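2 protein chains.
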Amino acid sequence: MGTAGANGAMSDDELDLLHRYWSAANYLTVAQIYLQDNALLREPLRPEHIKPRLLGHWGTGPGLSLIYAHLNRLIRNTSAEVLFIAGPGHGGPSVVANVYLEGTYSEVYPDVSRDAAGMHRLARQFSTPGGVGSHVGPATPGSIHEGGELGYSLMHATGAVMDNPGLIAACVVGDGEAETGPLAASWTAPFFLNPVRDGAVLPILHLNGAKISGPTVLGRRSDEDVEALLHANGWEPVTVSGDQPGKVHRALSAALDNAYATIRDIQRDARDAGSGDTGTGSNRTRNRTTAARWPAIILRTPKGWTGPETVDGSPVEGTFRAHQVPLSGVKDDPEHLALLEQWMRSYQPESLFDDGGRLLPELAALAPEGRLRMGAAPWANGQPSVPLEIPDLVQYAVDPGRPGSTSVETTKPLGELFRDLYTGTEDNPRFRLFCPDETNSNRLGAVFEATDRCLLLPGHDGDDHVSADGRVMEVLSEHLCQGWLEGYLLTGRHGFFASYEAFAMVSASMTVQHAKWLQHARELAWRSPVPSLNILLTSTCWRNDHNGFSHQGPGLIDTVLSLSGEVTRIYLPPDTNTLLAAAEHALRSKDYVNLVVVDKQSHPQYLTLAEARAHAEAGASRWEWAGNENGSSAEPDIILACAGDIPTEEALAAAWLLQRHVPDATVRVVNVMDAMVLPPREVHPHGLDDGTFTSLFTDTGEVVVAWHGYARSFHQLLHGRPNPERFHVRGYSQQGTTTTPFDMVVLNRMSRYHLALEALSRMPRQFDGAQALADHCNQLLDAHAEYIREHFEDLPEIREWVWSPPGS
Amino acid sequence: MGTAGANGAMSDDELDLLHRYWSAANYLTVAQIYLQDNALLREPLRPEHIKPRLLGHWGTGPGLSLIYAHLNRLIRNTSAEVLFIAGPGHGGPSVVANVYLEGTYSEVYPDVSRDAAGMHRLARQFSTPGGVGSHVGPATPGSIHEGGELGYSLMHATGAVMDNPGLIAACVVGDGEAETGPLAASWTAPFFLNPVRDGAVLPILHLNGAKISGPTVLGRRSDEDVEALLHANGWEPVTVSGDQPGKVHRALSAALDNAYATIRDIQRDARDAGSGDTGTGSNRTRNRTTAARWPAIILRTPKGWTGPETVDGSPVEGTFRAHQVPLSGVKDDPEHLALLEQWMRSYQPESLFDDGGRLLPELAALAPEGRLRMGAAPWANGQPSVPLEIPDLVQYAVDPGRPGSTSVETTKPLGELFRDLYTGTEDNPRFRLFCPDETNSNRLGAVFEATDRCLLLPGHDGDDHVSADGRVMEVLSEHLCQGWLEGYLLTGRHGFFASYEAFAMVSASMTVQHAKWLQHARELAWRSPVPSLNILLTSTCWRNDHNGFSHQGPGLIDTVLSLSGEVTRIYLPPDTNTLLAAAEHALRSKDYVNLVVVDKQSHPQYLTLAEARAHAEAGASRWEWAGNENGSSAEPDIILACAGDIPTEEALAAAWLLQRHVPDATVRVVNVMDAMVLPPREVHPHGLDDGTFTSLFTDTGEVVVAWHGYARSFHQLLHGRPNPERFHVRGYSQQGTTTTPFDMVVLNRMSRYHLALEALSRMPRQFDGAQALADHCNQLLDAHAEYIREHFEDLPEIREWVWSPPGS
């Protein structure tokens with residue numbers, strides 16, 4: 001496997017120093033979990049030194065610290081740029097201990113200084129209200145990964161190294177996390193990483209054998225079986241195993257040296273050979289390079305290694321009992337207190353720290369320096385990212401002509417913008433599209449004029465735009481698409497995740513966790529803002545008439561609605577130009593989750609680019625041309641509000657029906673493109689001020705709403721607005737099957753006819769023509785029902801009920 | 001591998017017959033996708049025979065049909081009970097074709113008869129409005145699996161065979177689905193299936209090489225690599241590969257014969273040896289049986305096999321272009337029409353069906369008979385399930401004494417009920433608990449008095465209740481926990497999935513899809529109702545003060561709120577006895593998703609079991625003892641409503657503060673245990689009638705609400721109720737960190753002091769004592785802020801702010 005280690009085997013002295021460094025990290029881990037005072041243990045341990053609430057996870061800590069210390073050695077020897085990703089993120093105190101030992105922590109948090117006072121604070125702040133939590137997270141320097149919800153470490157590592165040729169992401173995967181679906185799918189990384197242009201992921205699968213209260217699957221399988229599993233996934237694993245520190249130190253350092261050498265060999269060979277591809281578009285020759293077998297390390301050491309072997313007669317070290325706090329009730333139990341003191345003194349703190357609490361110089365020298373320290377990794381801490389230069393949207397814009405008279409596949413021009421973002425960043429690649437095999441289906445296929453789908457597996461003749469050089473990331477996993485993108489964004493690059501709307505729920509929990517990350521990270525001045533997570537929901541519920549009920553679900557809107565308004569945005573562009581304006585804004589923004597919901601099919605176009613920009617800026621506007629107020633200052637008889645492309649189409653048609661049949665009634669159409677203008681400003685910063693809200697919706701006028709999402713979820717947007725009960729909302733109400741597009745809006749009672757009937761029923765008086773229109777609507781709905789029934793036996797044209805533009 | 005096939009190799013005659021049967025299935029698949037008339041092709045194909053909208057997935061069909069036909073042979077030869085799970089569920093028409101050919105379809109849907117008229121209808125109904133969708137789903141006889149959202153086939157198969165020793169679940173996994181996280185994690189099934197008491201899963205990984213528009217990872221890997229991957233996951237795979245039907249038929253039939261023989265060998269050996277465990281509780285000896293290496297088949301055949309090889313100069317068969325409809329525009333394109341006719345005639349329909357459209361007898365004889373037909377599998381079609389006998393709850397009930405004076409870990413008695421459900425069903429095992437390694441953490445550990453955690457891997461001495469005989473399913477994957485349970489339920493058994501509240505979002509999309517399945521399945525009279533999916537959310541946002549922000553998220557409530565009220569229930573029991581009542585109801589119910597949200601920590605208890613049952617029945621009740629109306633018929637000055645355990649505790653404390661400090665004001669406390677009583681009945685069948693709603697909340701009185709979930713999501717429950725703007729809701733508002741439990745309610749402004757202040761501000765007049773109470777609340781909140789600040793340096797007791805029961 002590769003060439004020899006960069007600096008040969010460790011000397012006994014080096015081993016001894018490294019072991020003491022590891023001891024210091026373990027000591028500080030225990031101190032954080034247990035101590036509120038006497039952190040240096042310079043006096044006998046007494047109950048008052050013990051925290052009143054013992055929280056935290058010890059079990060994974062020694063393994064994380066061991067790996068961190070050995071990576072320090074590797075970095076020092078090679079000057080490699082390494083990102084540390086702690087899959088077992090609940091091992092927070094050990095990662096903090098290491099970042100503290102290397103000096104980064106005190107630079108970021110000067111109060112936690114590299115002396116006795118700082119060490120006191122380090123211990124005190126952990127698991128203390130307002131202090132430091134037990135998981136690695138935004139507050140941990142050097143981290144791009146929150147360790148609370150397990151499963152995403154390896155995909156974050158993979159995304160981080162894309163277009164990042166110098167970076168090595170060392171990713172510790174716990175054997176608990178390895179049982180999750182998202183992690184299990186992540187092992188395919190080698191088939192999506194190109195050694196020419198991407199960096200390397202070095203997985204370190206840490207098997208300590210147990211979770212909270214039971215064994216792990218991989219922890220109980222043999223070395224051969226676990227090696228076979230990683231090998232079968234395309235890696236070249238080596239196992240380091242043992243419970244004798246000296247032997248493990250030697251074996252792990254050799255394994256890391258070898259892994260590093262192999263990584264560099266792979267990269268050198270690939271880069272010397274070149275990418276094999278320089279052309280673009282159809283002249284491009286496909287690079288059929290297949291995946292490198294990247295090194296991986298399996299580390300099998302006892303859970304809670306160096307901790308108490310037995311407590312109260314039960315084995316602890318090496319078992320699930322070491323998972324959290326191995327010694328409980330220490331404040332009140334003298335025996336446990338003594339055991340804790342014995343445990344802590346086993347690290348010989350006096351041989352690690354001087355009287356002032358400073359790490360001894362010969363140990364401090366083991367950490368890398370400056371930006372090479374993993375806690376100081378610029379990629380992790382949000383070094384200012386290079387903005388995208390976004391081409392003038394005018395070249396993608398659609399000329400709608402008379403509103404509604406032109407139809408366009410709404411997402412297609414966005415694909416052209418994405419294409420040009422790929423080509424425009426060739427010198428400094430920093431944009432990617434991630435999509436579960438649906439790029440073409442979602443009408444974003446123009447990107448393939450600029451690049452290919454990425455796959456480092458043998459090509460076939462029939463392949464369409466698939467190559468090792470491709471940078472469109474398609475894999476049939478929403479988890480991987482989103483997770484790779486998150487890793488890419490958190491290291492300062494830009495992108496979009498495009499998903500069928502319903503299946504974006506697959507990774508909904510990731511969206512929640514990412515929003516939490518951003519909410520927390522924004523509060524940390526030392527973290528630079530990162531490009532936003534942009535989620536494009538296409539193939540929406542309303543136009544999955546062909547795929548049926550399982551493909552119909554606007555639930556991600558609900559999920560995002562409840563998150564913090566500081567970090568979430570929800571856009572429902574009604575047409576192409578508004579979509580372009582929203583996408584431009586999303587790509588320029590930082591620290592948000594931008595949800596953009598729009599269908600991919602051919603839909604009527606309404607606004608010019610200039611109008612679209614103004615509409616996007618306002619978030620919601622009166623569409624004068626669609627109503628008949630003609631500048632009247634009187635309140636309209638009915639307001640039709642709409643949000644989303646299909647709801648807009650139906651609401652416009654309803655407005656047209658009303659004006660045609662009930663000309664005396666005044667109708668206003670309000671289009672809402674930014675859902676978060678609706679709630680009051682204290683709920684969301686986009687919330688309209690009272691005056692603007694009233695200028696759109698009046699204070700007391702009846703409003704019929706056509707809403708893209710679940711009908712009732714809309715009401716949570718309105719609380720705090722005047723007389724919210726006057727809003728009558730139609731939206732997706734969990735009705736659907738394989739049917740026609742128009743039947744979808746009928747089944748969910750959001751059709752133009754339903755909207756017109758609702759509007760008629762809400763008008764202040766019975767206008768001339770109202771009954772005739774009601775009869776007309778009911779007749780058409782009856783005819784539709786008949787049509788659907790008859791359809792089965794005598795199939796007429798499916799799009800018979802296509803919208804007629806207002807004013808035609 | 002195992003003994004020889006049950007019936008030896010296929011004769012040439014048998015091969016020819018089987019091939020023709022497969023041809024018939026392929027023919028009917030194409031007919032469904034394309035034809036609205038002339039289904040038997042007894043006249044030349046003309047444009048008017050073609051459907052106006054061509055939908056459906058051809059690519060996976062031939063593979064599914066091949067496997068189905070060969071499984072038919074196996075069943076006929078062995079009388080094995082086989083469940084067919086079509087992972088590539090978008091291959092709906094081919095599964096329908098097979099269920100039709102075997103006769104089940106016509107029994108379930110008599111209109112689709114086994115003759116020319118039925119075949120006409122079979123073709124017409126597919127992808128037609130009101131007809132049959134393109135995915136396998138509830139309407140497909142024999143299916144427990146919807147093929148729309150990919151990833152769950154193998155976990156459904158695994159759950160189906162648990163406690164089902166006679167069953168073989170033959171699970172086709174597509175190479176697209178194999179890229180998903182949930183599927184990737186599912187390969188660990190052998191470590192959770194006990195050959196003594198469980199049935200067998202036979203995975204058939206079908207590699208046709210492509211997805212919608214690109215290659216698959218596994219499709220491009222070598223046979224050796226794919227075999228190594230399955231082998232490394234604990235299976236004994238064999239590859240069947242080719243594009244020559246004769247050879248593939250022979251190889252596949254031999255592979256299935258061998259796999260079947262191996263399965264029976266494994267089962268016989270294991271069952272002859274016995275489980276090695278008959279005791280219970282601490283006397284139980286742990287059965288250390290390790291996993292069998294169950295057979296698996298890798299089938300590599302061309303995508304869209306037997307379809308057009310090339311269309312318009314592009315290769316189709318064997319490429320992504322065969323994924324959906326290989327020939328487009330057939331109605332208008334004479335060349336494509338001719339190609340379609342040629343393709344369909346290649347199956348020689350006249351040699352398959354007689355003039356009346358009936359499958360020729362020698363082919364019909366190839367299907368199994370009666371209940372052994374996979375479409376008629378009783379386990380799949382909801383054979384009436386054996387109800388659980390639920391012990392009298394009185395033995396688990398808590399005596400609360402004076403309300404609020406007793407504290408209990410709320411979920412602990414539920415664990416005792418679960419324990420007794422395990423022991424009470426030993427003769428006919430049909431209850432299991434599924435939980436990601438948190439059974440003890442969630443205080444449900446009493447189950448381990450009855451059984452163990454299940455794991456078929458080597459045991460260690462330090463293990464706590466882990467054995468091969470264990471039937472508590474712990475794996476660190478919410479996907480697997482929920483998916484196994486879904487498979488268990490859909491085959492008629494009972495269970496609970498217990499999850500940390502925040503991480504239930506990981507499998508939220510599965511919850512959506514399962515609710516969709518139930519909603520559809522309920523409409524099908526031939527499907528028996530199935531036990532409900534019971535999801536217990538513990539370790540809730542309010543009491544993840546120790547784990548921090550990532551562990552705090554009540555989002556699954558939002559997700560379930562938007563689903564159909566026909567199939568969803570949301571219970572927020574305030575204490576143990578109400579939890580027991582809710583759990584009993586959930587376990588007895590059918591066809592629901594029951595979300596039960598309750599924290600696991602020690603909390604005050606309020607209601608006796610009788611009161612709890614009445615409260616659960618009502619869904620929401622006035623708690624007279626907590627207010628001071630004393631039977632007055634006047635409207636109270638303020639109503640405090642609460643839903644959820646922590647909100648109840650805070651609201652009760654606020655009520656107590658108000659009564660103590662502002663005795664002249666009348667206060668009503670309403671506890672809502674069933675969230676779905678709040679919306680009008682047209683939204684949810686539990687919706688209170690207007691009179692009852694008014695009797696609780698009046699029509700105009702101000703209501704201060706303490707709500708477990710996201711604060712604003714509550715408002716969607718209220719739309720349609722009188723004057724919804726008078727409800728002032730406090731709930732989780734995405735604020736949290738590692739802190740104290742009380743600080744969590746302060747951060748989210750739901751503390752007793754916030755509630756009291758809000759109540760004071762909403763009262764009809766300024767009562768005596770109001771200002772003093774407001775000052776008191778503000779002082780205490782200031783003191784709390786101080787306390788949190790000080791906490792850091794001088795840690796006082798964390799639970800200083802514990803609730804004082806009202807009236808104390």
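Here the protein sequences come in this chain order: A and B. Start counting the first sequence at 1; every next residue gets the next number (the UniProt record's numbering). Start counting the second sequence at 1; every next residue gets the next number (the UniProt record's numbering). All residues carry an ideal CB built from backbone N, CA and C; glycine is no exception. The model shown is predicted, which means the values in this text are computed figures rather than measured ones.
query: Any C-beta of chain B under 7 Å from that of Arg453/A; result: yes
query: Bridge partner(s) assigned by DSSP for Ile638/B; result: Val667/B
query: Residues from the segment 451-477 of chain B in contact with chain A, defined by Cβ distance under 9 Å; result: Arg453, Leu455, Leu457, Pro458, Gly459, His460, Asp461, Gly462, Asp463, Asp464, His465, Val466, Glu474, Val475, Leu476 and Ser477
query: Extent of the continuous alpha helix (DSSP H) run through Tyr571/A; result: It is not in any alpha helix (DSSP H) - Tyr571/A instead sits in the beta strand (DSSP E) that spans Thr568 to Tyr571.
query: Proximity test, Cβ basis, 7 Å: Asp277/B and chain A; result: Its pLDDT being 47, under 50, Asp277/B is placed unreliably in this model, and the value from its coordinates should be taken loosely. Not one chain A Cβ lies under 7 Å of Asp277/B.
query: Identity of the residues DSSP links to Asn534/A by a beta bridge; result: Phe496/A and Asn594/A
query: Beta strand (DSSP E) segment containing Leu433/A, residue limits; result: Phe431 to Cys435
query: Selected residue, minimal CA-CA separation from Thr578/A, among Ala170/A, Leu414/A and Ala160/A; result: Leu414/A
query: Contacting residues, own chain, Cβ-Cβ under 6 Å from Gln482/A (five flanking each side not counted); result: Phe497, Ser507 and Met510
query: Local conformation of Met473/B per DSSP, three classes; result: strand
query: Inter-residue CB distance, Ser713/B and Ile557/B (contact presumed, cutoff 8 Å); result: 7 Å
query: Residues within the segment 368-380 of chain A neighbouring chain B, beta-carbon criterion of under 9 Å; result: none
query: Pro237/B classed as buried or exposed, judged by whether at least 16 other C-beta atoms fall within 10 angstroms; result: buried
query: Presumed contact (8 Å Cβ cut-off) between Thr410/A and Asp575/A, rounded CB distance; result: 6 Å
query: Rounded straight-line distance, which links the Cα of Thr648/A to that of Phe192/A; result: 40 Å
query: Inter-residue CB distance, Trp305/A and Pro62/A (contact presumed, cutoff 8 Å); result: 4 Å
query: Close-in-space but distant-in-sequence residues of the same chain around His70/B (CB under 8 Å, 5 per side omitted); result: Leu18, His249, Leu252, Ser253 and Leu256
query: Below-7 Å beta-carbon distance, Glu635/A vs any chain B residue; result: no
query: Status (buried if at least 16 other CB within 10 Å, exposed otherwise) for Asn194/A; result: buried
query: Chain-ordered neighbours of Arg752/A on chain D, where CB pairs are closer than 8 Å; result: Absent here is chain D; the protein component of the structure consists of chains A and B.
query: Separation of Leu747/B from Ile788/B, as counted between CA atoms; result: 11 Å
query: Within chain B, the residues that Tyr109/A reaches when beta carbons sit closer than 8 Å; result: Ordered by position in chain B, no residue passes the 8 Å Cβ test against Tyr109/A, which lies about 13 Å from the chain.
query: Touching by the beta-carbon criterion (3+ pairs, under 8 Å), the segment 774-785 of chain A and the segment 674-692 of chain A; result: no
query: C-beta neighbour in chain A for Ile788/B, strict 7 Å; result: yes
query: Chain A residues whose Cβ lies nearer than 8 Å to that of Asn440/B; result: Ile212 and Ser213
query: Close Cβ partners of Asn594/B (< 6 Å) along its chain, the five nearest in sequence each way excluded; result: Ser532, Asn534, Arg569 and Ala586
query: Sequence-distant residues of the same chain with beta carbon closer than 6 Å to Ser127/A, five excluded per side; result: Leu55, Gly56 and Ser134
query: Range covered by the alpha helix (DSSP H) that runs through Tyr488/A; result: Glu478 to Leu490
query: Check: Val330/B C-beta below 6 Å from any heavy atom of the ligand FMN; result: This structure lacks the ligand FMN; in fact it carries no ligand of any kind.
query: At least three beta-carbon pairs within less than 8 Å, the segment 644-664 of chain B to the segment 414-430 of chain B; result: no
query: Contacts around Arg527/A, its chain only, beta-carbon distance under 7 Å, and the 5 residues preceding and following it disregarded; result: Pro138, Asn381, Gly382 and Ala521
query: Burial state of Arg114/A, where buried means 16 or more other Cβ atoms lie within 10 Å; result: buried
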